Structure formats: C-alpha cells, structure tokens
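Have a look at the structure below before the remarks.
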Amino acid sequence: MPLKLRELNRALHVRTRVGVGSLRSRRPDYVSYLPPCNHACPAGENIQGWLSLAEKGEYEAAWRLLTQENALPAIHGRACYHPCEGGCNRADMDAPVAIHEVERFLGDRAMEAGWVVETAPASGRKVLVVGSGPAGLACAYHLSRLGHEVEIREASAHAGGMLAYGIPAYRLPLSVLDAEIDRVLSMPGVSLRCNAPVTDIRSVMEQSGFDAAFIAVGAARALTMALPVDGERRVMEAIDLLHQVREGARPDLGQVVAVIGGGNVAMDAARTARRLGAQNVFMVYRRDRDHMSALSEEIEAAQEEGVTIRYCSVVRHFGPEGVEIETITLGADGSITPTGETEIVAADSVILAIGQHADLSLCAGFADIAIGKGDVLQVDRAFMTGHAGIFAGGDCVPGARTMTTATGHGKHAARAIDAFLKGEALPEKKPRDIVTFDMLNMPTLLEAGREEAVELPPARRSGFEEIIAGLAEHEARREAGRCLSCGNCYECDNCYAACSEQAITRLGKGKGYAVSADLCTGCGDCAAQCPCHAIAMTPEAEGSATASDGIGELVSPTKFMVRA
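Note that this note's numbering has the sequence shown beginning at 98, numbered continuously upward.
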C-alpha cells in the first residue's frame, strides 16, 4: 500500500475513534436521575438529598428538605414500612441503607430543637379537612405552607386517626405522635375540632363557607364475618381492641386468644393481646404465608413474641370448649377448599382482623361522587372526586392502605387544591429515568455494614414501651454516609481527576462542575469514573457546526482547541 494511502487510512482511523482527534462525537452532561429509593417512597421524599445533608451533620437543613414532602418524619421513622429500603441499590452490594432510622433521628432532633416550617402569606381561602389521620394531617400541613386556612374535623376524641388508634404504643409512642401532631396544629391557620363527625359534607361546606374540602376519613370500620358463637363468649374487632388500648383501657381477653386474619392489623392485635396478659395467642389464617398481606418483618416480630400461626385454616364455630378449626387445601390459583377435618382448640376470646372499610355516608348527597367496589371514593389524578372542589385521599380511595401512602395522598391533594383555588391546572410531572444497580461504577465503592438499632429482647416486651431505640448521632451520620447517591452528583472529584484534557472545572461546594466545550474530546473517562452515574454521554447533534483550523483539519465544535 502506498505511503500516502496508509497515512490517510491511519488519519481516518484516529478520527473515528471515540474521544480521539479533533471531531467530537459526544459530550458529557451532568444529569439528575431518580434514585430508586425516591421512586419507591409513597410520600415522594427526596431521600438521597436529605441523607447527603445528614451525613455532613447539617441536620436542620436535612429535616427541612425532608419536610418539604413529609409532615411527620418522627412518626414515619418508626411506623412506616419503608418501601424505600426495598428499592435501595445498596441491597445488591451489602445491605440497604437504614433510611427510616436516619429519618427518625432527624424527626426526633427537630422535636428536641423545636424547629418549625415556614409558610406562605395568608391567601384568604378556607379548606375543610375531614379526618385527622396521616392523609388529613399531611393535607392540612401542606395547605398551611401554601397560605390557606384549614379546619380539621375529627370524629374521635383525639387526633391521629389510625396513627393514634391503629398503631400500638410499642411501635409509636403517644408522646411522639402528640408532638408531631402539635407541630402541625400550631401552624398558621390550622385548627382542629375533635368529637365533630361530619355526616353531610355539603351542608358543612355551605354553612361554614369552605372553598374546598378534603375527605380523609380512613377505613376505620371493621369488616365482619358470620361466626357462630355459643354462650357469652368474647368476640372483639381488632380495630376496637387497639382503639380501647390507646384510650388507656386494658380489656381482659383471658389466657388463650385466637386472632382471625393475616394482615398487619392482625399482627398488631395479636402482639397487643400478649401484652394484655394472654399466655397463648394463635392466629388462624385461611391461606399460606406467601399469601399473607402482613409484612415479613411484622410476622417475624409477632412470632418472636410467642404468637403462633395456623395456616390454611378457618374458624367455623366458637363455643364453651373453644374454637372449632377446619383445615383447608389451597389451590394453585389461590382458591380454598374445605377438607371437613376439624378440631377444637381451647380459646377464651376471639379477635376478628379480616379487614376494614370506609364510612362514606357523608357523601350521600352528591350524585356526582362515585363510590367504587370496596367502599372507596373514585378520584382523578388530582385526587378530586366527581364534584368540583371536593377531594379525597388515604384509605378511603383506591390504592395501598399504608400510612405513608396516605401521607403522599394528602400532600398531592393539597397541591391540587391550591391549584384549584387559584384556577390553575395541576402541572404534569415528567417521569425521570431510574438508576439501577448495574448502572453504578462499583470498583469505586466500598462495602460498609448497616447500622442496626437496638431492640428490646422479646422476653422483656411485657408492656407497651417502645421496643426499638433510635440510632445515636454518630451512627445516624455513618448510616447516611452509606447512601450511594444513585444518579446524583455528590462532588467526589472523580470526573475532575479523570479528565486528561483539564476540561472540567469545579464550581464550588454544592454547585457541581462545568465542562468546557472547547477542551472536551468526548472520551467519556469522566462518566466511566463517576461512581453514581450522574454523567450522561450525549451524542453531538446531527449536522453540528464544523470549521477548519486553517490547515485543512476539520474541528467540531467550531471553537474546539486542538492541542499541539
């Protein structure tokens, strides 16, 4: 091959290699992807953001960022089932970040320090919130932050809804609950009326001049079953039991208690029965463990405390000798078939925990408010019912019935109500790409064990004192530091050090980096060295400008600095 042709081929090869030569085919962009923990959080918290601040010891800033989305961090740090940790990429490396423990630490620090949130000037608009559970409290909180006056009406004697009457004190101490609720109630324009059930929402709105309403009545009515009972045998609804205990009562359930059901409420009822003095508490569930709606951690905690579970069983009768239990078979499709095989098991009382539903009679006067299967209100993406100005959220609308889901509903509804009152359309949120574990640059990361909170040993759990202690300050900071900051730059300087062309400039703490388009060759070394995948290599636009450097060499972009 002639020399001139070989040189031409070599030049062509060099130019077509990525990041080499004077023609750049791609460029790095600093991006903000969605971490999987944020995506999994029903309350929509910026978890990665406040963990980063907590790691630096900037606790108040971390709490303020957290409470932009979640009104009750000390509560959620204790009683939330933390789906965020189920999405945490760190689980594929060693163990998920204990996000709920750091959230609890920040919530407790805020209560001790008396931090309060800022609110907008008064708008002159007034909103009715029916129910003071997590959805109602969250809605009131965010409406107050937006400057609106809020009146909460609660049918019970105390605020909190299922936070107060459905979560036992060993998981959520009353002092913590009251402190978090008091902070919401102390916000400008927020008022609470207890023992004030709303039976007709139309008349209440008209009489009191409310501009909008948010229905958050929860699902506090127990589903019942036709259980034949002989004599004066004691049968209680789980919701009623938990309610009585929260009010300070200590019902006598006897020595042996049967709990019918397999959800988280059933677990709380069984564990409460043990604390009330029952020596033997057993649960009867008609399917197997894989079909149980209770979370694994709740099942394991109940079993640690001595609760036993009879799977694939149903209670047919409750008489003087105890409960008659029939064994069933479970089909591949989840169907159950009675076997006719029964036995009598001694029991002093039976607790029913087969589910709850909402009382929606307050909406009876509205033909345009639709109630769906399972006694739930039908709402649109803005959580508005079929009647303009009446919104709903929490357990009385379709979706997961969890505290954090309800909290998210209250927040989103508040922002939708704000838009409604202003006559504006609720803006659409553009979906963001989620960073998965395989997108991270693992060689730059180190394993670090998870900080575990100290738990009261099962043998000492005889009362209703809190069973899990929070993390100490140094533990909380270390745990926050385990966050991989998936998809978000935390200024580790790896890109800065990796750039051979010195095209990357530090902009200062918290401001990130800038890339010089005149120096960057598009080699991608910065992206390859980014541990959290916060840099995307973006192709140069087709037909991007090219120019000559004066000696016939094509350069792109036009100001590209060709090094000698």
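Note that the Cβ used here is the ideal one computed from N, Cα and C, for glycine as well. For clarity, every value in this text was computed on a predicted model and none was experimentally measured.
First and last residue of the uninterrupted alpha helix (DSSP H) at residue i
i, result
"Pro636", "Segment Ile632 to Pro636 is the beta strand (DSSP E) holding Pro636; no alpha helix (DSSP H) there."
"Ala594", "Asn591 to Ala595"
"Asn135", "Pro133 to Ala137"
"Ser272", "Leu271 to Leu282"
"Tyr156", "Tyr156 to Leu163"
"Asn377", "No alpha helix (DSSP H) holds Asn377; the beta strand (DSSP E) holding it covers Asn377 to Val381."
"Met536", "Met536 -> no alpha helix (DSSP H), and no H or E assigned at all."
"Thr321", "Here Thr321 belongs to no alpha helix (DSSP H), and DSSP marks it neither H nor E."
"Val362", "Asn361 to Arg372"
"Ala176", "Pro170 to Ala176"
"Ser149", "Ile144 to Glu152"
"Asp622", "Asp622 to Gln626"
Chain-order list of residues whose beta-carbon lies under 6 Å from that of residue i (same chain, five-residue window excluded)
i, result
"Gly469", "Gln475"
"Arg512", "none"
"Gly647", "Here Gly647 scores only 45 on pLDDT, less than 50, and its place in the model should not be relied on; the value that follows carries that caveat. Around Gly647: no qualifying Cβ."
"Pro294", "Ala252"
"Cys667", "Outside the displayed span of the chain (98 to 661) sits residue 667, for which this structure offers no information."
"Pro180", "Ala137"
"Thr405", "Phe379"
Close-in-space but distant-in-sequence residues of the same chain around residue i (CB under 7 Å, 5 per side omitted)
i, result
"Asp530", "Tyr130 and Leu131"
"Thr502", "Pro139 and Gly496"
"Asn167", "Ala140, Glu142, His173 and Thr504"
"Cys176", "What sits at residue 176 in the sequence shown is Ala, not Cys. Cβ within range, chain order: Ile264, Arg268, Leu269 and Met500."
"Asn292", "Ala254"
"Gln352", "Ala375, Gln376, Asn377 and Asp445"
"Arg574", "Ala151, Glu152 and Gly154"
Extent of the continuous beta strand (DSSP E) run through residue i
i, result
"Ser85", "Any question about residue 85 goes unanswered here, given that the chain covers just 98 to 661."
"Met302", "Run containing Met302: none in the beta strand (DSSP E); it sits in the alpha helix (DSSP H), Ile298 to Ser305."
"Ser663", "Residue 663 lies beyond the range of the chain shown here (98 to 661); nothing can be said about it."
"Asp126", "Arg123 to Tyr127"
"Thr426", "Gly419 to Leu427"
"Arg407", "Thr405 to Arg407"
"Val332", "Arg331 to Glu334"
"Ala309", "Ala309 to Ile312"
"Ala614", "Per DSSP, Ala614 belongs to no beta strand (DSSP E) and is neither H nor E."
"Ala398", "Per DSSP, Ala398 belongs to no beta strand (DSSP E); it is in the alpha helix (DSSP H), Ser393 to Glu401."
"Ala293", "No beta strand (DSSP E) holds Ala293; DSSP gives it neither H nor E."
"Ala355", "Val353 to Ile357"
Cβ-Cβ distance between residue i and residue j below 9 Å
i, j, result
"Arg347", "Leu373", "yes"
"Gly490", "Cys236", "yes"
"Gly263", "Asp365", "yes"
"Val532", "Ala444", "no"
"Val356", "Val381", "yes"
"Phe311", "Gly221", "no"
"Ala550", "Ala195", "yes"
"Gln73", "Arg318", "Given that the chain is displayed from residue 98 to residue 661, the structure contains no residue 73 and the question cannot be resolved."
"Ala313", "Cys493", "yes"
"Glu246", "Ala219", "yes"
"Phe307", "Leu568", "no"
"Glu182", "His197", "yes"
"Val412", "Val378", "no"
"Gly286", "Thr216", "yes"
"Ile514", "Val224", "yes"
"Asp126", "Thr482", "no"
"Glu548", "Arg124", "no"
Beta-carbon contacts of residue i that lie in its chain and below 8 Å, excluding the five residues immediately before and after
i, result
"Ala661", "Any reading at Ala661 is ruled out, since the residue's pLDDT is 45, under 50, leaving its predicted position unreliable."
"His110", "Low confidence applies to His110: its pLDDT is 49, below 50, so where it sits in the model is not reliable enough to give any reading."
"Leu537", "Asn186, Leu581, Cys583, Pro628, Cys629 and His630"
"Arg384", "Gly359, Tyr408, Cys409, Leu427, Gly431 and Ile433"
"Thr436", "Glu423, Thr424, Ile425 and Thr426"
"Met322", "Ile357, Leu449 and Ile451"
"Arg107", "The predicted position of Arg107 is uncertain, since its pLDDT is 49 and thus under 50; no value can be drawn from it."
"His484", "Phe463, Asp465 and Ile466"
"Glu438", "Glu423 and Thr424"
"Asn478", "At residue 478 the sequence reads Arg, which differs from the Asn that was named. Here the set comprises Leu523."
"Leu162", "Asn143, Gly146, Trp147 and Leu150"
Subject >> Those runs of the beta strand (DSSP E) which lie wholly inside the segment 182-267 and span at least 3 residues >> reply: Runs of the beta strand (DSSP E) inside the segment 182-267: 223-227 and 246-250.
Original post:
Quick one: any contact between the segment 289-305 and the segment 423-440, if contact means 3 or more CB pairs under 8 Å?
Top reply: no
Original post:
Which runs of the beta strand (DSSP E), 3 residues or longer, sit entirely within the segment 433-513?
Top reply: Fully enclosed beta strand (DSSP E) runs of no fewer than 3 residues occupy 433-442, 446-449 and 487-489 of the segment 433-513, in order along the chain.
Original post:
For the segment 593-612 against the segment 556-572, are there 3 or more C-beta pairs whose distance is under 8 Å?
Top reply: no
**OP:** Mind the definition here: the segment 274-292 touches the segment 189-198 only if three or more C-beta pairs lie below 8 Å; say whether that holds.
**Re:** no
Original post:
Where are the beta strand (DSSP E) runs, 3 residues long or more, that stay fully inside the segment 550-600, in chain order?
Top reply: none
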